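What follows is a single structure, written as structure tokens, with notes after it.
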Amino acid sequence: MFLVSEAEVQSILSYPALIEALQKAFQEDYVVPMRHHHDFNNPKASKDSTLLLMPAWQAGEFLGVKVVTVSPDNYQHQLPAIHGTYLLFNAATGQPILQTDARRLTSKRTAAASALAASYLAKRNSKTLLMVGTGALASQLIEAHAQVRSLEKVFVWGRNPEKAQAVIDLLTRSTKQTNVRHFEVATDLESIVPTVDIISVATLSPKPLILGKWLRPGQHVDLVGSYKPDMREADDAAIRKAMIYVDTLEGAPKESGDLAIPIKNGLLQKSDIKGDLFALCQSKVLGRQSNDELTLFKSVGHALEDLAAAKLLYQHLV
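Spelled out as structure tokens, the structure:
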């Protein structure tokens, strides 16, 4: 069995290859049960923690499962919010064939899924991106989006401007990772949101950060962080204005407050969602049709993405 380090995951899973692998996976036949989502009390923290179990398999080929914990208050201990392990098996024999740290695998496949969606939904001439959030996903999302659109300028916003600068420093030290020519710390969301082509949001915010009144026609909004029904990154006005797509129609409308709350309040119907990555990749829906559309992609994570990434790792190593 291969034991793959976090550094190996980072180096092996290049975004062009991973985005292509995800696109192919969303076109093929896999079994992906709904993920187990269990919140559990954490007496030493102000917020509950979450346990996620995410299985997926391809009959006779590969089977994988991810076990992840999310502890939003880990910043108080100078620890990442997400920890976990991914196990890949030979589906024909049940033999375990690969194990790796799930945190890096998750960040890579999450960013690749957002970029895959943007390849269908963002304007082809998109040049500017705003990254909202400064966690582990921030640099990955910037790198991934830069693979599908020729970004020239990227703004990074965080509650702590020093952390935003740290994201920029990380990317500029690794010049081979992106062709972006200019990075800048954003200090005010209200003034910067209307000026950019793509807005990517990866936070643990319980309240909306992106307001619909700031958005304009032609933009693409990529919402990544809200993974629980009481968490939101965009307000009702943003949801009403946008053409909405999701990673999976089965999970996103129920698991993320960005959609679950408007649906519960009658502001959004599930039928209003234009499609998911399965439909986009299989050409059942067409994605962006004009430069005047305001598009929004909401992801909550899907076990198929993990399996596709783990398969790519294994195929590289054998």
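Going by the numbering used here, the first residue of the sequence shown is number -9, and it counts up by one from there. Glycine is no exception: its CB is placed at the ideal position from the N, C-alpha and C atoms. These figures come from a predicted structure and were not determined experimentally.
Can you tell me which of the three DSSP states Ser39 falls into?
strand
Backbone secondary structure at Gln263 - three-state DSSP
Correcting the residue type first, residue 263 is Ile in the shown sequence and not Gln. Three-state result, Ile263: coil.
Is the Cβ-Cβ distance between Leu3 and Ala299 less than 8 Å?
yes
Assuming Tyr235 is part of the beta strand (DSSP E), what are its boundary residues?
Met233 to Val236
What does the alpha-carbon distance come out to for the pair Val214 and Asp19?
25 Å
If you follow the beta strand (DSSP E) that Gly54 is part of, which residue opens it and which one closes it?
Phe52 to Val60
If we count the other Cβ atoms within 10 Å of its Cβ and call it buried at 16 or more, is His135 buried or exposed?
buried
Which word fits Lys301, buried or exposed, when buried means at least 16 other C-beta atoms lie within 10 angstroms of its C-beta?
buried
Assumed close pair Leu106, Gln259 - CB separation to whole angstroms, cut-off 8 Å
The pair is not a contact, with the Cβ atoms about 25 Å apart (cut-off 8 Å).
Selection from Ala15, Ser246 and Asp212 that minimises the alpha carbon distance to Lys218:
Ser246
By how many angstroms is the C-alpha of Ala224 removed from the C-alpha of Leu201?
6 Å
Looking at C-alpha atoms only, which residue of Asp226, Asp237, Asp220 and Lys197 is the closest neighbour of Asp212?
Asp237
Would you report the Cα separation of Ala232 and Leu111, rounded to the nearest angstrom?
11 Å
Nearest by alpha-carbon distance to Pro62: which of Ala108, Leu53 and Ile72 is it?
Ile72
Please classify Phe(-8): does DSSP put it in a helix, a strand, or coil?
strand
Please state whether DSSP places Phe(-1) in a helix, a strand or coil.
What sits at residue -1 in the sequence shown is Val, not Phe. Of the three classes helix, strand and coil, the one that applies to Val(-1) here is helix, per DSSP.
Please list, in chain order, all residues of the same chain as Gln272 whose beta carbon is under 6 Å from its beta carbon, the five residues on each side excluded.
Gln17
Do Ile234 and Leu267 have their C-beta atoms within less than 8 Å of each other?
no
For the pair the region 111 to 125 and the region 77 to 90, tell me if three or more CB-CB distances fall below 8 Å.
no
Rounded to whole angstroms, what is the Cα-Cα separation between His27 and Thr40?
7 Å
Which residue spans inside the region 128 to 214 form an unbroken beta strand (DSSP E) run of at least 3?
143 to 147, 172 to 175, 188 to 191 and 210 to 213
Using a threshold of 8 Å, state whether the C-beta atoms of Ala102 and His210 are closer than that.
no
Nearest-angstrom Cα distance between Ala192 and Met121?
8 Å
Check whether the Cβ atoms of Ala11 and Val58 lie closer than 8 Å to each other.
no
Helix, strand or coil at His27 according to DSSP, with G and I counted as helix:
strand
Helix, strand or coil: which one does DSSP assign to Thr100?
helix
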